[in-house]
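Chemist: One line per chain: the protein sequences are A and B, in this order.
Add 5 to the 1-based position in the first sequence for this note's numbering, that's all there is to it.
Add 316 to the 1-based position in the second sequence for this note's numbering, that's all there is to it.
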Amino acid sequence: MKKAIGFALAVLATSVVAASAQGSNRITAVSAASFNCKSTITLPLVTPVTGGAGFLGAEQGSWASYAVKSLAKPLGLKVKFVLGDTPVEQGPAPAQALAQKYVADKSVLVVLGPSTSGAVAASSATYFQAHIAHISPSATRTSLTQGTPKDGTPAFFRDVPGDYIQGPSDANYMINTLKVKKVVLLDFQEPYSTGLSDAVEGVLKKAGVTTIRLSAPNTTTDYSAYVTKVPSDADIVFFPTQKPGDAQTFAQQLIEQGKKAKVFGGDGSNDPSAFKQAGSYVSNFAPDITGIKADAALVAGWKKANPGKAVGSFGPPSYGAAQIALNAISLACKAGHGTTTRQAVLGTIKKVKIKNWILGGSLRWSTKSNDPLNAKFYIFQIQADGSYKLVG
Amino acid sequence: VDTFLQLTVDALTLGSVYALIALGYTLVYGVLKLLNFAHGDVFMVGSFIGYGVLQLLGGTSKPVVPVWLLLVVMVLAAMVGCAALGVVIERFAYRPLRDAPRIAPLISALGVSFFLANSMQLLFGATPRNYNIFDLANASLYTKGFDIGNVHVALLRIITVVSAFVLMILLWLLVNRTRTGKAMRATSYDREAAAMMGIDIDKVIVFTFVLGSGLAGAGGVLQSLRVPTTVAIGFIVGLKGFTAAVIGGIGSIPGAMAGGLILGFAESFSQGYISTKWSDLIVFTILIAFMIFRPQGLLGRADIRKV
Numbered sequence: 006m007k008k009a010i011g012f013a014l015a016v017l018a019t020s021v022v023a024a025s026a027q028g029s030n031r032i033t034a035v036s037a038a039s040f041n042c043k044s045t046i047t048l049p050l051v052t053p054v055t056g057g058a059g060f061l062g063a064e065q066g067s068w069a070s071y072a073v074k075s076l077a078k079p080l081g082l083k084v085k086f087v088l089g090d091t092p093v094e095q096g097p098a099p100a101q102a103l104a105q106k107y108v109a110d111k112s113v114l115v116v117l118g119p120s121t122s123g124a125v126a127a128s129s130a131t132y133f134q135a136h137i138a139h140i141s142p143s144a145t146r147t148s149l150t151q152g153t154p155k156d157g158t159p160a161f162f163r164d165v166p167g168d169y170i171q172g173p174s175d176a177n178y179m180i181n182t183l184k185v186k187k188v189v190l191l192d193f194q195e196p197y198s199t200g201l202s203d204a205v206e207g208v209l210k211k212a213g214v215t216t217i218r219l220s221a222p223n224t225t226t227d228y229s230a231y232v233t234k235v236p237s238d239a240d241i242v243f244f245p246t247q248k249p250g251d252a253q254t255f256a257q258q259l260i261e262q263g264k265k266a267k268v269f270g271g272d273g274s275n276d277p278s279a280f281k282q283a284g285s286y287v288s289n290f291a292p293d294i295t296g297i298k299a300d301a302a303l304v305a306g307w308k309k310a311n312p313g314k315a316v317g318s319f320g321p322p323s324y325g326a327a328q329i330a331l332n333a334i335s336l337a338c339k340a341g342h343g344t345t346t347r348q349a350v351l352g353t354i355k356k357v358k359i360k361n362w363i364l365g366g367s368l369r370w371s372t373k374s375n376d377p378l379n380a381k382f383y384i385f386q387i388q389a390d391g392s393y394k395l396v397g
Numbered sequence: 317v318d319t320f321l322q323l324t325v326d327a328l329t330l331g332s333v334y335a336l337i338a339l340g341y342t343l344v345y346g347v348l349k350l351l352n353f354a355h356g357d358v359f360m361v362g363s364f365i366g367y368g369v370l371q372l373l374g375g376t377s378k379p380v381v382p383v384w385l386l387l388v389v390m391v392l393a394a395m396v397g398c399a400a401l402g403v404v405i406e407r408f409a410y411r412p413l414r415d416a417p418r419i420a421p422l423i424s425a426l427g428v429s430f431f432l433a434n435s436m437q438l439l440f441g442a443t444p445r446n447y448n449i450f451d452l453a454n455a456s457l458y459t460k461g462f463d464i465g466n467v468h469v470a471l472l473r474i475i476t477v478v479s480a481f482v483l484m485i486l487l488w489l490l491v492n493r494t495r496t497g498k499a500m501r502a503t504s505y506d507r508e509a510a511a512m513m514g515i516d517i518d519k520v521i522v523f524t525f526v527l528g529s530g531l532a533g534a535g536g537v538l539q540s541l542r543v544p545t546t547v548a549i550g551f552i553v554g555l556k557g558f559t560a561a562v563i564g565g566i567g568s569i570p571g572a573m574a575g576g577l578i579l580g581f582a583e584s585f586s587q588g589y590i591s592t593k594w595s596d597l598i599v600f601t602i603l604i605a606f607m608i609f610r611p612q613g614l615l616g617r618a619d620i621r622k623v
């Protein structure tokens, strides 16, 4: 009996080793394979399409799809745009599964996203192993590109600034403009909100502001008990959620309990259709691009393709990410005289420079990290009519 | 004291909604010995029906009927819609498997849960729906109410708690003081013997689904008056409702009510006094403790079998 068990275990172990070796060889083979630039390229956008942050995927998908539709042909590329769903409620598993799927697909040269920091942290190593560049239009966690150890790999890029800018921007606005004395910070036990809360809390503490840290499971729907823990003399509740409707609920429950604190949301709550409680604040990596003259034709074209939809802040960076990806593929194809590889495309990303960048000015890369150079965060205050007014 | 009072108000609000969901689990389990894991998604459908009715009646900015009538119509519509849904689910997903091994209807229930969540997403998208009750009648449902010391008990919370308790009392009366209720109790006690006594088992089971799903519909609207709803909300709410039913003693109606309230209090007070970070851990530890030390739950019957 013991012999039989021992034999079975040995067979199992050998099979596992053989399967891993075969899998790893297959990844290497697919990654090194030469790609004919006249073939159809699959360009996935990995983003939450369903769940509480589904608005993100809807907005980002519409802009990335528009970028493919309007830019691929002039660059001489045939591109099929696809969406990969990573609901925030399901944690890192969907991002990991999608990464495996795209790595195995020879027609995938670059991936847009993942959109959230947690999904990037969960899948970046898989993309890196396969030499697939992945460009996020919204993952802002600092440690994805900076510090040691990093949660992202050298194959990860983002076209928006990270929380290393958002955290201090938000905190300095609270200190210098709002003159806060006491701030409550609520994180949601996932990488985006804990990272951003840490960044804000650090600056506030240095400035002598009293901080109270709360933490809610990402599945929380009713925040009453959290509102109860907000002291009546707190000035601000920093609420970096990825579900803007929750920021609205929290702001209303503060009023219900007679608390004077205002909600200050991060880029994840920047959704004028869901978070519209007057007096609240929200920050974002993108300005309102409808105010940028150079974008007028682009905005008009997108509106024509998406009738009835409003221009938000999450969509334009996705257009930008797709623009970078397509330009990088085009450059790599030219350098390879009609053929390219994933590795060649990866090496070309930081050579892409865009003169009329959708978020204003021009796009250039930092030489120290895979972040955009000179990018900044913007702070908005929500007005009585629910509109967002740029205040910082 | 203020914190204690506020947490008590929070706990009652939360617990009364959990109790409504737990009742649905317990009713179906009592009669069919089936864990209806689609129940949380019926709750979600109810919250969407409430949203749809609200929009049809002018939304919160310009309602075409008085506020009280608007709320009553929303709750009733969700109850009727969910009751109908419950009948359909029973007819097509559970009845064909009534005599199958117990694992089969359980898997079917999980299938129905995914079917409902994904169909709703296909039909209405993933965007969260917010009733925006705050905008109704100049936020009076939030600002009106009464004060206990420094604690404001908003009218909206009073409506939620009172409605839930009225529904629970009506259910208790129906089950304990009517012929139909007697038939339900008989079926729950011994289905075969009840059938031999002339009780139409099919009718009783359908009626049980009508009741359970109707309560879920009401719960969906009552919860969504205060927090946004999404097509994904059914899973976590269903899990909490199931936990409440188990704590109270699955199959026991007063147990489900007690379990819902215990869960509401455990959640609110652990968030308020122990740690906001560990509240789910504490809640589910209570569930595990019950499973180990009192598997029949607080008011449930121990299952004694002749061997």
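Don't be surprised by glycine CBs; every beta carbon is placed ideally from N, CA and C.
(1) Using a cut-off of 9 Å between C-beta atoms, extract the partners of ILE260/A located in chain B.
(2) For MET291/B, does the count of other Cβ atoms within 10 angstroms reach 16, so buried, or fall short, so exposed?
(3) Would you mind stating whether PHE385/A and LEU395/A have Cβ atoms separated by less than 8 Å?
(4) Would you decide whether MET500/B is buried or exposed? Buried here means 16 or more other CB atoms lie within 10 Å of its CB.
(5) Mark TYR505/B as exposed unless 16 or more other C-beta atoms lie within 10 angstroms of its C-beta, in which case mark it buried.
(6) Would you say VAL54/A faces chain B, with C-beta separation under 8 Å as the test?
(7) Quick check: the region 516-532 of chain B against the region 338-353 of chain B, are there 3 or more CB pairs under 8 Å?
(8) With distances taken Cα to Cα, identify the nearest neighbour of TYR82/A among GLY391/A, LEU331/A, LYS356/A.
(9) I'd like to check one pair, GLN322/B with VAL467/B: are the Cβ atoms closer than 8 Å?
(10) Between the beta-carbon of LEU351/A and the beta-carbon of ALA160/A, is there less than 8 Å?
(11) Measure the C-alpha to C-alpha separation of ILE140/A and MET179/A and round it to an integer number of angstroms.
(12) 8 Å is my cut-off, CB to CB: does LEU330/B come that close to chain A?
(13) On the DSSP letters alone, give me the boundaries of the beta strand (DSSP E) that GLY138/A sits inside.
(14) Would you grab the beta carbon distance between TYR263/B and ILE566/B for me? Rounded to a whole angstrom, and I think it's under 8 Å.
(15) Note down the Cα distance separating GLN65/A from SER318/A, rounded to an integer number of angstroms.
(16) Just the Cα atoms here: how many angstroms apart are LEU330/B and LEU183/A?
(17) Give, in chain order, every residue of the region 56-71 of chain A whose Cβ lies closer than 8 Å to some Cβ of chain B.
(18) Sort out for me which residues DSSP pairs TYR286/A with in a bridge.
(19) Checking contacts by CB at 8 Å: is GLU94/A closer than that to chain B?
(20) Beta-carbon separation of GLY172/A and VAL208/A under 8 Å?
(21) CA-CA distance, PHE585/B and THR324/B?
(22) My output table needs one value for GLY461/B: the three-state DSSP class, helix, strand or coil.
(23) Would you call the region 348-365 of chain B and the region 546-557 of chain B touching, i.e. three or more CB-CB distances under 8 Å?
(24) For the region 237-256 of chain A against the region 264-277 of chain A, are there 3 or more C-beta pairs whose distance is under 8 Å?
(25) List the residues of chain A whose Cβ lies closer than 8 Å to the Cβ of LEU323/B, in chain order.
(26) Does any CB atom of chain B fall closer than 8 Å to the CB of PRO99/A?
(27) Just to make sure I have the definition right: I need the residues of chain B whose C-beta is within less than 9 Å of the C-beta of LYS401/A. Which are they?
(28) How far does the beta strand (DSSP E) with PHE243/A in it extend, from its first residue to its last?
(29) What do you reckon, are the CB atoms on PHE290/A and PRO322/A nearer than 8 Å?
(30) Which residues mark the beginning and the end of the beta strand (DSSP E) in which TYR393/A is found?
(31) Where does VAL189/A sit, in a helix, a strand or coil, going by DSSP?
(32) According to DSSP, GLY89/A sits in a beta bridge with which residue or residues?
(33) Rounded to whole angstroms, what is the Cα-Cα separation between LYS155/A and ALA310/A?
(34) Since GLN386/A meets chain B, which of its residues come closer than 9 Å, beta carbon to beta carbon?
(35) Locate the beta strand (DSSP E) running through ALA574/B, then write down its first and last residues.
(36) Please classify VAL142/A: is it buried, with 16 or more other beta-carbons within 10 angstroms of its beta-carbon, or exposed?
Modeler: Walking through what the data contain:
(1) PHE450, ALA455, TYR458, THR459
(2) Coverage of chain B is limited to positions 317 through 623, which leaves residue 291/B absent and any answer about it impossible.
(3) yes
(4) buried
(5) exposed
(6) Yes, because at least one Cβ of chain B sits closer than 8 Å to the Cβ of VAL54/A.
(7) Cβ pair count under 8 Å is three or more, so yes.
(8) Note that residue 82/A corresponds to Leu in the displayed sequence, not to Tyr. When only C-alpha atoms are compared, the closest one is LEU331/A.
(9) yes
(10) yes
(11) 31 Å
(12) yes
(13) This sequence places Ala at residue 138/A; Gly is not what is there. ALA138/A -> beta strand (DSSP E) spans 138-141.
(14) The requested residue 263/B does not occur in the structure, where chain B is confined to residues 317 to 623.
(15) 9 Å
(16) 34 Å
(17) GLY56, GLY57, GLY59, PHE60, GLY62, ALA63
(18) PHE269/A, GLN386/A
(19) yes
(20) yes
(21) Note on geometry: alpha-carbon atoms of PHE585/B and THR324/B lie some 8 Å from one another.
(22) Strand.
(23) yes
(24) yes
(25) Chain-order list of chain A residues neighbouring LEU323/B: ALA230, THR233, by C-beta distance under 8 Å.
(26) no
(27) Chain A is shown only over 6 to 397; residue 401/A falls outside these bounds and no answer can be derived.
(28) 241-243
(29) Inclusion of PHE290/A and PRO322/A in the CB contact set at 8 Å is warranted, their separation being smaller than that value.
(30) Run containing TYR393/A: 393-395, per the beta strand (DSSP E) assignment.
(31) strand
(32) VAL51/A
(33) 39 Å
(34) Within 9 Å of the CB of GLN386/A, no CB atom of chain B is found; the nearest one sits about 18 Å away.
(35) Per DSSP, ALA574/B lies in no beta strand (DSSP E) segment; the continuous alpha helix (DSSP H) that holds it begins and ends at 569-585.
(36) First, the amino acid is wrong: residue 142/A is Pro here, not Val. Buried is the call here.
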